[in-house]
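To start, the structure itself, in structure tokens.
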Amino acid sequence: MLDPSPPELEDDQPEWMSIGALARATGVPAETIRSWERRYGAPVATRLPSGHRRYALAEAERLRLVTRALDLGHRPSDVVAAPLDRLEQLVAVAPPRTATREGDGHVQLLLELTRALDEAGLNQALQRAADELGARRFVHECAVPFMALLGEAWRDGRIAVMHEHFATARVRHHLVERRRGYETGSPTVVCGALPGELHDMGLHVSALLLAVSGIRVVSLGADTPVADLALAVERCRAAGLLLGSSRHAEPEAVARHLAAIERAVAPDVWVAVGGAESAPPGITLLADFHALERWASGLTARGARG
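Heads up: the sequence shown begins at 1370 in the working numbering, then just goes up one per residue.
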């Protein structure tokens, strides 16, 4: 049985880090780390004589593998408290990343330009890839594989946080700019991340795919209160509401937010969520961006609300 009280640690011992440092090193939000510790007993904190809680540096490496296992589809209950050797086994048996035909060459070039922190080169390469592939293929064959490759490279230590932030900012900007040419569509879909969700790249990808499908997008961004999501749907007379979550989010909190949204919006509004583990019967759970496009196709076929 796990001891709920963290062990003592001397103040001058260097092999520890704060929860904020652990969150920055792994990409797992501090609130999620606390939730995992309460629910699964890991990661295990130690306590300084001053009362501060600290985590061993080795936990950063283990949590990086946890996030990779989650990305591969494993459940938090199976991997959050798993030992390092077990996580290494789970990650090692993952299928290799598949080639992306014409997009694959673009992806490798984007990674090289990211390592060089070549902003002009990266912007030009993104523009060229989108022009050559078209918006839909750019998303499926270039942008999404590139973001996945960035995550792998960061978790494996092949790139630093600065590289990931640098590339993510460029891709986000490009997705927004590319969407501008499709802003006159109908019906309308409001897009927003659930409360506490700080990752919005999936929403930007989704917004472009929706726009290409002929849908007018109103994007609210990350960490959007439930009341504001519902109000935006009402004000815009939106036919649909697309919500963003992630595997790092606390499942119980996600369930509460989704239930509140289901109560807050009109019953004829189509609601979908991506990135969540589950969804109530009245909300469509999207497994991937292809599922999003099928949802969008049904929405446009139904016709604009009002």
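Backbone N, C-alpha and C fix where the C-beta goes; we use that ideal spot for every residue, glycine too. Please read these numbers as outputs of a predicted model, since none were measured by experiment.
> Who are the Cβ neighbours of Thr1467 in its own chain at under 6 Å, not counting the five residues just before and after it?
Replying inline: Here the model assigns Thr1467 a pLDDT of 44, short of 50, so the residue's position is not dependable and the matter cannot be decided.
>> Going by DSSP, what residue range makes up the alpha helix (DSSP H) through Thr1593?
In response: From DSSP, Thr1593 is part of no alpha helix (DSSP H); its letter is neither H nor E.
> Are the Cβ atoms of Ala1591 and His1568 separated by less than 8 Å?
Replying inline: yes
> Below 8 Å between beta carbons: does that hold for Thr1557 and Ala1608?
Replying inline: yes
>> I need the DSSP call for Arg1549, collapsed to helix, strand or coil.
In response: helix
> What is the rounded straight-line gap between the Cα of Leu1518 and the Cα of Leu1391?
Replying inline: 22 Å
>> Please state the DSSP three-state secondary structure of Gly1389.
In response: helix
>> With a threshold of 8 Å on Cβ separation, who are the neighbours of Arg1625 within its own chain once the five nearest residues in sequence on each side are excluded?
In response: none
>> On the CB-based measure, 16 or more other CB atoms within 10 Å of its CB, does Glu1510 come out buried or exposed?
In response: buried
>> Alpha carbons only, please: which of Trp1385, Ile1402, Met1386 is nearest the one belonging to His1617?
In response: Ile1402
> So, helix, strand or coil for Val1558, using DSSP?
Replying inline: strand
>> Given this structure, state the Cα-to-Cα distance separating Thr1593 from Gly1613, to the nearest angstrom.
In response: 10 Å
> Run through DSSP, which three-state label would Val1449 get?
Replying inline: coil
> Just the Cα atoms here: how many angstroms apart are Pro1412 and Gln1493?
Replying inline: 42 Å
>> Within a Cβ cutoff of 8 Å, which residues of the same chain sit near Asp1473, ignoring the five residues on either side of it in sequence?
In response: Glu1510, Pro1514
> Counting along the chain, where does the alpha helix (DSSP H) carrying Ala1645 start and finish?
Replying inline: Here Ala1645 belongs to no alpha helix (DSSP H), and DSSP marks it neither H nor E.
> With a CB to CB cut of under 6 Å and the five nearest residues on each side skipped, what residues in its chain are close to His1659?
Replying inline: none
> What are the residues that DSSP puts in a beta bridge with Glu1403?
Replying inline: According to the sequence displayed, residue 1403 carries Arg and not Glu. Paired residues: none, contrary to the question.
> Are Gly1554 and Ala1576 closer than 8 Å when you measure CB to CB?
Replying inline: no
> From the DSSP output, which residues share a beta bridge with Val1640?
Replying inline: Leu1610
>> Whole angstroms are fine: how far does the CA of Glu1406 sit from the CA of Arg1416?
In response: 14 Å
> Taking C-beta to C-beta, are Arg1369 and Val1586 nearer than 8 Å?
Replying inline: Because the chain spans 1370 through 1675 in this model, residue 1369 falls outside it and cannot be assessed.
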